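A.B. asks:
In our numbering, the protein residues as written are 432 to 603.
(1) I need the DSSP call for residue 542, collapsed to helix, strand or coil.
(2) Assuming residue 522 and residue 489 are in contact, meaning their beta carbons sit under 8 Å apart, how far apart are those beta carbons, in whole angstroms?
(3) Give a yes or no on whether the C-beta atoms belonging to residue 494 and residue 478 are separated by under 7 Å.
(4) Are there 16 or more other CB atoms within 10 angstroms of the CB of residue 474, so buried, or fewer, so exposed?
(5) Under 7 Å between the Cβ atoms of residue 539 and residue 580?
(6) Report buried or exposed for residue 585, applying the criterion of at least 16 other Cβ atoms within 10 angstroms of its Cβ.
(7) Per DSSP, residue 577 forms a beta bridge with which residues?
(8) Would you mind listing the beta strand (DSSP E) stretches within the stretch 447 to 529 that are 3+ residues and don't spill past its ends, in chain order?
(9) Is the beta carbon of residue 570 sitting closer than 7 Å to the one on residue 562?
(10) Per DSSP, residue 550 forms a beta bridge with which residues?
(11) If you measure between the beta carbons of residue 595 and residue 463, is that distance less than 7 Å?
(12) Spatial neighbours of residue 517 within its chain, please: C-beta separation below 7 Å, excluding the five flanking residues on both sides.
(13) Inspect the beta-carbon positions of residue 587 and residue 546 and report whether they are closer than 7 Å.
(14) Only counting the same chain, and skipping five residues up and downstream in sequence, which positions put a Cβ closer than 8 Å to that of residue 558?
(15) Measure the alpha-carbon distance for residue 510 versus residue 486 and round it to whole angstroms.
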């Protein structure tokens, strides 16, 4: 557990150096893999403070996401990952609640190349995500997300792994 907090603190400090001007949020997520193993994610999100395609329906915006994920397994198959990703968000118009959909492709580094029955083929992975949720006045957010990790065929083994999670983001 100490390791989790140390890595998360280092990632948050490094990201905070580059993005101090944007609105930030702390993300907590709990999920399960396709093998029914639990995942726990702690991350920092930094809004782009830009929007495109703004209309009465909604707007396109985004954020930078940096996170630490603990992949719970038996004693021989637990894993840790650090990830960084740009995420595009289409936020629908609303008064106090704004529904959204999000998608992003980023990178991740795993501490072990094997996880449960999966051979990741290397520590470096791509992180693909798709999710949706609700944003509330005051900056709080809840949502669900599917995240896929794969080396995109850069190694001979490419089992990949998916995580399906429920997340909550709290503004800083």
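Backbone N, C-alpha and C fix where the C-beta goes; we use that ideal spot for every residue, glycine too. Small disclaimer: the values here were computed from a predicted structure and weren't measured.
C.D. replies: So, from the data block:
(1) coil
(2) 5 Å
(3) yes
(4) buried
(5) yes
(6) exposed
(7) 561 and 595
(8) 455 to 464, 469 to 478, 489 to 502 and 510 to 523
(9) no
(10) 545
(11) yes
(12) 493, 495, 535 and 537
(13) no
(14) 514, 516, 535, 536, 537, 538, 539, 578, 579 and 580
(15) 43 Å
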